[in-house]
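Structure first, then comments.
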Amino acid sequence: SQQGEEDPQALSIQEGENATMNCSYKTSINNLQWYRQNSGRGLVHLILIRSNEREKHSGRLRVTLDTSKKSSSLLITASRAADTASYFCASTGNQFYFGTGTSLTVIP
Amino acid sequence: GAVVSQHPSWVICKSGTSVKIECRSLDFQATTMFWYRQFPKQSLMLMATSNEGSKATYEQGVEKDKFLINHASLTLSTLTVTSAHPEDSSFYICSAREGGGMNEQFFGPGTRLTVL
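Chains as they are written, first to last, in the numbering used here: chain W, 1 to 108; chain E, 109 to 224.
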């Protein structure tokens, strides 16, 4: 399969809490990217972390990358109801291969 | 960021007909375009990669005669689903990239295809 895997598959939290999603991938990468998708809509790029980086921040987002374990995590701090969406990681070599996604529900 | 559009945003067709979906990069030259399909509550699966002026490279298991891809210009790629059947109903998303593999891909908003 070309897909990596993400866990959890579904996550439900209260507004204000932090949400952590994990992603594992299969092949060597140039970079890893995280995307968000609202139901039935296209993808929105969130953040890119290069293979020689270990951690990156963007606003309420924090991404880590462990190339030895072929894994990445996305942390959303102080979650809001508007963060409710599906989140995908995508590992980039010559092509993109998406993870299976985490469905996040933030309860107001 | 750069903008990628898709047309149509949704289409309903009868079984056996062909459907063409367009993907355009609006403010940059897309040397490479990618086509994905997504079934409900599932992830995106890469179908094919196309470089401008070249034949598309299809992922394993994707029928190239059924999913015809044309990337005739640096701003336009088309995906034609030939002789569509209900099992082809899906969400089709394209993305476009300028230059090499380290560059960011920009995604279109997707096209919802329903085959009756």
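Don't be surprised by glycine CBs; every beta carbon is placed ideally from N, CA and C.
Expressed to the nearest angstrom, what Euclidean distance is found between the alpha-carbon atoms of residue i and residue j?
i, j, result
"W/S12", "W/V44", "21 Å"
"W/A78", "W/R60", "7 Å"
"E/Y166", "E/T186", "14 Å"
"E/Q146", "W/G101", "12 Å"
"E/L176", "E/G124", "15 Å"
"W/W34", "E/S126", "34 Å"
"E/G207", "E/Q137", "8 Å"
"E/S181", "E/L221", "24 Å"
"W/C23", "E/F199", "23 Å"
"E/K174", "W/I49", "36 Å"
"E/R205", "E/Q213", "5 Å"
"W/E6", "W/Q37", "15 Å"
"W/S28", "W/Y87", "21 Å"
"E/L184", "W/S72", "33 Å"
"W/R62", "E/D196", "37 Å"
"W/T67", "E/V112", "31 Å"
"E/A192", "E/K172", "13 Å"
"E/H179", "E/V189", "15 Å"
"W/T20", "W/L74", "6 Å"
"E/C202", "W/G16", "34 Å"
"W/Y97", "E/K122", "31 Å"
"E/F215", "W/T92", "14 Å"
"W/E53", "E/R132", "32 Å"
"E/L154", "W/A10", "23 Å"
Are there 16 or more other CB atoms within 10 angstroms of the CB of residue i, so buried, or fewer, so exposed?
i, result
"W/S1", "At W/S1 the pLDDT is 47, less than 50, meaning the model places this residue with poor confidence; the figure from the coordinates comes in the next sentence. Burial call: exposed."
"E/G169", "exposed"
"W/P8", "exposed"
"E/D135", "exposed"
"E/K223", "Rather than Lys, the amino acid found at residue 223 of chain E in this sequence is Val. Classification for E/V223: buried."
"W/Q14", "exposed"
"E/I120", "exposed"
"E/S162", "exposed"
"W/A82", "exposed"
"E/E164", "Reading off the sequence shown, one finds Ala at residue 164 of chain E, where the question assumed Glu. Under this definition E/A164 is a buried residue."
"W/A90", "buried"
"W/G99", "buried"
Kindly give me the distance between the Cβ atoms of residue i and residue j, rounded to whole angstroms, as I take these residues to be in contact under 8 Å.
i, j, result
"W/S51", "W/N31", "6 Å"
"W/R41", "E/P217", "7 Å"
"W/N18", "W/I107", "14 Å between Cβ atoms; not a contact."
"E/T219", "E/P148", "Between E/P148 and E/T219 the Cβ distance is about 15 Å, and since that is not below 8 Å, they are no contact."
"E/I129", "E/Q150", "Between E/Q150 and E/I129 the Cβ distance is about 19 Å, and since that is not below 8 Å, they are no contact."
"W/T84", "W/L65", "About 25 Å separates the two Cβ atoms, so there is no contact after all."
Can you check DSSP and say which residues form a bridge with residue i?
i, result
"W/I107", "W/Q14"
"W/Q37", "W/L43, W/S86"
"E/H115", "E/E130"
"W/H57", "W/R62"
"E/N159", "E/T140"
"E/A204", "E/M141, E/F214"
"W/N31", "W/R50, W/T92"
"W/A19", "W/I76"
"E/Q146", "E/L152, E/F199"
"E/T188", "E/K128, E/L176"
"W/Y97", "W/S91"
When the Cβ atoms of the segment 126-145 of chain E are set against those of the segment 156-164 of chain E, are three or more pairs found closer than 8 Å? At 8 Å Cβ cutoff, the stretches touch.
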